[in-house]
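In what follows, a single structure is set out as structure tokens and then discussed.
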């Protein structure tokens, strides 16, 4: 469970979160990179979370998870700068998909209004629609599933 207070922080939990939420995505980008060239056209959406926004953090808690998503957001921003020069047609963004009804989110759903809880199919449709709307100017951003920007 996410930490609610600093006294619950565990380096092991942070490393688990970094591995799952940041390193896995960066490794995927490393695997994809050799397949791109200056003419490549590709849109990549990496799943992040609004709680990874430093500026938007008004609640605290969830130390390890927040840090891992903030690290992911930094990685996406940094990769986007590098790729903008090398692969101008490749757009990579971090996206907050919204709260999706899943086993991961079930323990936290009690405070989520029903109108803000999406099925996995709805979330997939939203992400697919977003991919179709992305432009090169979006690369490196942290976005809501609807395309609006979330501050880092």
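Residue numbers (the working numbering): -18 to 133. Where is the CB? At the ideal position from N, CA and C, for every residue including glycine.
Query                                                                                                                   : Result
Nonlocal neighbours in the same chain, by C-beta distance under 7 Å from residue 43, ignoring five residues either side : -17, -16 and 32
As assigned by DSSP and simplified to three states, the class of residue 40                                             : coil
For residue 28: DSSP bridge partner residues                                                                            : 76
Counted within 10 angstroms of its Cβ, other Cβ atoms place residue 50 as buried (16 or more) or exposed                : buried
Residue from 101, 85 and 80 whose Cα sits closest to the Cα of residue 94                                               : 80
Inter-stretch contact (C-beta, 8 Å, three-pair minimum) for the region 117 to 129 and the region 54 to 61               : yes
Boundaries of the alpha helix (DSSP H) in which residue -5 is found, first to last residue                              : -8 to -1
Beta bridge counterpart(s) of residue 81 as assigned by DSSP                                                            : 99
C-alpha gap between residue 92 and residue 113, whole angstroms                                                         : 31 Å
Bridge partner(s) assigned by DSSP for residue 125                                                                      : 77
Own chain residues within Cβ distance below 6 Å of residue 46, not counting five before or after                        : -17 and -2
Spatially closest choice to residue -11 from 101, 41, 61 and 110, by CA coordinates                                     : 41
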